[in-house]
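Novice: Under the working numbering, the first residue of the sequence shown carries the number 29, and numbering increases by one thereafter.
Just dropping this structure here.
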Amino acid sequence: LVTDMLKLAYNDAYDTAILVSGDTDFVEAIRAVKERGKKVEVVMFSNVVGDDLIRVADEFTELGWLLPKGRLEGWGRSIGPVTSGPEQLPGPAQS
């Protein structure tokens, strides 16, 4: 994804990149793309996106409104499985 983002930016294939990820590994790629005059928008749930990614992006769109209230409990920055709702998502594998 990083390679495509950079290659397409250098080929002027887009004006705005929309990145659906919370991974801070994209920070340097975003900086390089912005140096080419491109805009970068990050779209992700706020509890699973790195603060550095939000800071480097031109715009951040939070996706929490897509899920019922409390649905993201236990994911991302807080620990533990989802406990709201009738079903429970699987937690980490037991060894």
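No residue lacks a Cβ here, since even glycine has one placed at the ideal position from N, Cα and C.
Source: prediction; values computed, not measured.
(1) What does Phe73 pair with, by DSSP beta-bridge criteria?
(2) Between which two residues does the alpha helix (DSSP H) carrying Ala37 extend?
(3) With burial defined as no fewer than 16 other Cβ atoms inside 10 Å of the residue's Cβ, what is the status of Gly65: buried or exposed?
(4) Tell me, to the nearest whole angstrom, how far the beta carbon of Val55 is from that of Ala37; I am working on the premise that it is less than 8 Å.
(5) DSSP on Lys66, reduced to helix/strand/coil?
Specialist: A quick look at the data gives this:
(1) Paired residue(s): none; Phe73 is not in a bridge.
(2) Element bounds for Ala37: 30-38.
(3) Exposed, by the Cβ-count rule.
(4) Contact doesn't hold; Cβ gap of about 15 Å is too wide.
(5) Coil, per DSSP.
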